[in-house]
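Colleague: Okay, here's the structure, questions in a sec.
Number of protein chains: 2
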Amino acid sequence: MPELRKDPILGRWVIIAPERSKRPTYFHVPEVAAAEEDLKREGCPFCPGNEQLTLPEILAYRPDQSQADTAGWTLRVIPNKFPFLAFEGELEKEGVGLYDRMNGVGSHEVLIETPEHNSTLASLSLSKFEDVLWAFRDRISSLRHDEKFKYVLIFKNQGRAAGATLEHPHSQVIALPVVPKAVVDEMNGSEKYFHYRDRCIYCDIIRQDAADGMRVIEENEDFIAITPFAPIAPYEFWILPEQHYSIYEQINRRQIENLARIFLQTLRKMDAALDNPPYNFMLHTAPLGDESNEYYHWHFEVMPKLSIVAGFEWGSGFYINPIPPEDSARLLREQTIHS
Amino acid sequence: MPELRKDPILGRWVIIAPERSKRPTYFHVPEVAAAEEDLKREGCPFCPGNEQLTLPEILAYRPDQSQADTAGWTLRVIPNKFPFLAFEGELEKEGVGLYDRMNGVGSHEVLIETPEHNSTLASLSLSKFEDVLWAFRDRISSLRHDEKFKYVLIFKNQGRAAGATLEHPHSQVIALPVVPKAVVDEMNGSEKYFHYRDRCIYCDIIRQDAADGMRVIEENEDFIAITPFAPIAPYEFWILPEQHYSIYEQINRRQIENLARIFLQTLRKMDAALDNPPYNFMLHTAPLGDESNEYYHWHFEVMPKLSIVAGFEWGSGFYINPIPPEDSARLLREQTIHS
């Protein structure tokens, strides 16, 4: 059973998941090639026809009304075979002297974005991309009912250098009994700003950045894509709803369409400008149970992985970025794509 | 001129250093090989005899009394040729709407740990290792006099995967006009603990961990090496002084000897157990101007770089570690080394 442990100084939670070292590719990158050979022999577990290689599906979009765990789906959500957390069991919290821990109860799902192995998220059609965005919403809405969970973390690792172990396009959904430190820090920072100014800091950022335009990549009726003022990675960009909402689930149909449009467009520009870089994105949304507040504003953060993060950046929380965000925004804004 | 920008939500500073993209190996790892060819043609700038390839030295230990910027040194500190920050100029701070920035005034030095290109820090003799530790102290003591600086960051990247671009053994010294977020977070966390308990949290950790012994790797008269309760990386370990000191500079001669002993021993055990892994370490010491407080306790944090940090770990501040720190401590504790 994995275990959650809290750093007593920083308040940061870490999953200690010994089972996970069974996962063949986690350590020693040179062994990745060997693990991939295994996969090739058995076939890709995320490909249609190989549904028996995965655990039973949690959700699937099947326009042809085909049966669960057979081919025919256009999007499929399954439990991760190498989960970070155990789904079964009650949450038990305990102190160990000055330390705090709890058992690692949570869920870890894989969202297979398309049946096509050699496709990418950025090459999906607009309507298939909308399906992925709906599935994110469906999974949060469903996991919210379990009172053990305080946060649903949705993210994507694209490419080996960004942490992906399987090529078939997928993202991940993790339900956690704690709130990740990055979200706690954002909640605290934006609440502090709100107390002083009585305004949402993200709304203020959108207002100021849309007005001067220097860091804007794209904008439509409902969303804006910008590079942040102090990005920790070259070409990092954020996509934010223009209207203030704390949680992603409040998104409506028209907004999903506009989000799909701006998200696809910016990913395609990034792929064209940076030659299909490895990248990560993460949905930043308010914790479960904090559905509506005036200071937190949900958004996506996208980070191309272009450079090695040196130790001191990791250990110090102090980052160096050789590309001013005004330059990266201009390059992405002006990038032409085939669409 | 590089620029320092503050993330308005998280309070985290980022250096935007466009000059640095001139550095050939920062982007696109495949080009590293080409850059190394260049180096081989000109020779390693950190090797004795090549002193003219570097900027004039800031400090050198020369037991033979040889002249500055010639061979004969056993340890040498030089300005980084590709600095993150500019040394010249006055600090100017300004607001830009809701954002804050300042010009990137600071210093960035390279500490060449040994004249021997093919050596490693862990294979230095005890007395040469002590010299490195003295040099850390010398540089902080000297940089402290410049009132522009709020922090001196000392760290090492060993190996390509840990961010090192040159093989010749070296560490880095960066003087900053701001305090890195990791240190701010540690100061805040330990101050909060102190307010409630009137004790230093690090002293409490040392007391509890030394008593149960589960996470202890080594211990001597003055220092303890432990794996932390909630490590973010496999085999991460910390070295702490047993007595409470806020800043590294308070170290005395006997303590330097004991620190060199435990540091060398643990690095050698790590190298033996993990087959000379890439790694990073960083000195965590209280900010300049906060020399003596009851809650912060200086220490070194060492992180072998064994796995790719996936996007969600980077973006969420939520880490997964497949190796319980009790297991890694036992393995390192029991590891035999040739000494």
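Residue numbers (the working numbering), protein chains in the order written: chain A, 52 to 390; chain B, 52 to 390. We put the beta carbon where it would ideally sit given N, CA and C, even for glycine.
Rounded to a whole number of angstroms, what is the C-alpha to C-alpha distance between E377(B) and D58(B)?
Modeller: Approximately 36 Å between the Cα atoms of the pair.
Colleague: Can you name the residues of chain B whose CB is closer than 9 Å to the CB of P134(A)?
Modeller: Those do not exist, as P134(A) stays about 10 Å from chain B at its closest Cβ, beyond 9 Å.
Colleague: When you compare the CB positions of A276(A) and S367(B), do they come within less than 8 Å of one another, or not?
Modeller: For A276(A) and S367(B), no; Cβs fall outside 8 Å.
Colleague: Using Cβ-Cβ distances below 7 Å, what residues of the segment 295-326 of chain A are close to chain B?
Modeller: Residues passing the 7 Å Cβ filter: none.
Colleague: Between which two residues does the beta strand (DSSP E) harbouring Q209(B) extend?
Modeller: Note, Q209(B): beta strand (DSSP E), Y202 to Q209.
Colleague: R56(B) lies in the beta strand (DSSP E); which residues open and close that run?
Modeller: Its beta strand (DSSP E) spans residues E54 to K57.
Colleague: Mind reading off the beta-carbon distance from A137(A) to G155(A)? Whole number of angstroms is fine, and I expect it under 8 Å.
Modeller: That pair is a contact at about 6 Å.
Colleague: Listed in chain order, which residues of the segment 58-70 of chain B have Cβ atoms closer than 7 Å to some Cβ of chain A?
Modeller: So the list reads D58, P59, I60, L61, G62, R63, W64, V65, I66, I67, A68 and P69, given in the order they occur along the chain.
Colleague: With 8 Å set as the bound, which would you pick, yes or no: does the beta-carbon of M333(B) sit closer than that to a beta-carbon of chain A?
Modeller: Closer than 8 Å to some Cβ of chain A, the Cβ of M333(B) qualifies, so yes.
Colleague: How about Y286(B) and G210(B): do their beta carbons lie closer than 8 Å?
Modeller: It is not a contact, given that the beta carbons lie outside the stated cut-off.
Colleague: Please classify T387(A) as buried or exposed, where buried requires at least 16 neighbouring CB atoms within 10 angstroms.
Modeller: With fewer than 16 Cβ atoms within 10 Å of its Cβ, T387(A) is classed as exposed.
Colleague: At the 8 Å Cβ level, is A173(B) part of the contact set with chain A, yes or no?
Modeller: For A173(B), the answer is no, since every Cβ of chain A falls outside 8 Å of its Cβ.
Colleague: Indicate the three-state DSSP secondary structure (helix, strand or coil) for E345(A) in the structure shown.
Modeller: Correct three-state label for E345(A): coil.
Colleague: Mapping DSSP to helix, strand and coil, what is I307(A)?
Modeller: DSSP places I307(A) in helix when its eight states are reduced to three.
Colleague: Please name the residue in S343(B), I163(B), F288(B) and L315(B) whose C-alpha comes closest to that of H350(B).
Modeller: With distances taken between Cα atoms, H350(B) lies closest to F288(B).
Colleague: Could you check what DSSP says for F133(B) in three-state terms: helix, strand or coil?
Modeller: Coil.
Colleague: So D120(A) contacts chain B; which residues on that side make the cut at Cβ distance below 8 Å?
Modeller: By Cβ distance, chain B contributes nothing, its closest Cβ being about 27 Å from D120(A), past 8 Å.
Colleague: Apart from the five residues on each side of it in sequence, which residues of its chain come closer than 6 Å, Cβ to Cβ, to V183(A)?
Modeller: E164.
Colleague: Please classify Q316(B) as buried or exposed, where buried requires at least 16 other C-beta atoms within 10 Å of its C-beta.
Modeller: Classification for Q316(B): buried.
Colleague: Do you know how far the Cα of N372(B) is from the Cα of A281(B)?
Modeller: In a straight line, the C-alpha of A281(B) is about 9 Å away from that of N372(B).
Colleague: From the beta carbon of D341(A), is the nearest beta carbon of chain B less than 8 Å away?
Modeller: Not an interface residue.
Colleague: What residue from A186(B), D322(B), R381(B) and V203(B) has the CA that sits closest to L357(B)'s CA?
Modeller: Nearest C-alpha to L357(B): D322(B).
Colleague: Please tell me whether K199(A) has its Cβ less than 8 Å away from any Cβ of chain B.
Modeller: No - not a single Cβ of chain B is within 8 Å of the one on K199(A).
Colleague: Specify the secondary structure class of V80(B) as computed by DSSP and reduced to three states.
Modeller: Residue confidence is low: V80(B) scores 39 on pLDDT, short of 50, so the model does not pin down where it sits. Its coordinate-derived value is still stated next. Helix.
Colleague: Grab me the residues of Y244(A)'s own chain with a C-beta within less than 6 Å of its C-beta, minus the 5 sequence neighbours each way, in chain order.
Modeller: For Y244(A), where only same-chain residues beyond five positions count, the Cβ hits under 6 Å are I252.
Colleague: Pop quiz: H159(B) and I109(B) are said to be a contact at Cβ under 8 Å. What is the actual Cβ separation, rounded to whole angstroms?
Modeller: About 11 Å separates the two Cβ atoms, so there is no contact after all.
Colleague: Since K232(B) meets chain A, which of its residues come closer than 8 Å, beta carbon to beta carbon?
Modeller: Correct list: S367, G368 and F369.
Colleague: Roughly how many angstroms lie between the CA atoms of L126(A) and D189(A), to the nearest whole one?
Modeller: One C-alpha to the other measures close to 12 Å.
Colleague: So is A281(B) in contact with chain A if we call contact Cβ pairs under 8 Å?
Modeller: Yes, because at least one Cβ of chain A sits closer than 8 Å to the Cβ of A281(B).
Colleague: So, is the C-beta of N372(B) closer than 8 Å to a C-beta in chain A?
Modeller: True, the Cβ-Cβ gap to chain A drops below 8 Å.
Colleague: Closer than 6 Å by C-beta to F332(A): which residues in its own chain qualify, once you throw out the five before and the five after it? Chain order, please.
Modeller: So the qualifying residues of the chain are K207, F351 and V353.
Colleague: Where K121(B) and L149(B) are concerned, what is the direct C-alpha to C-alpha distance, given to the nearest angstrom?
Modeller: The amino acid occupying residue 121(B) in the given sequence is Thr; Lys does not appear at that position. Going from the Cα of T121(B) to the Cα of L149(B) covers about 50 Å.
Colleague: Give me whichever residues DSSP pairs with S222(B) in a beta bridge.
Modeller: S222(B) is bridged to L162(B).
Colleague: Kindly indicate the opening and closing residues of the beta strand (DSSP E) around W289(B).
Modeller: Note, W289(B): beta strand (DSSP E), F288 to P292.
Colleague: With H221(B) and F97(B) assumed to form a contact (beta carbons below 8 Å), what rounded beta-carbon distance in angstroms separates them?
Modeller: Going by Cβ atoms, the distance from H221(B) to F97(B) rounds to 6 Å, so yes, they are a contact pair.
Colleague: Considering I256(A), what are the terminal residues of the alpha helix (DSSP H) in which it resides?
Modeller: Its alpha helix (DSSP H) spans residues I252 to D263.
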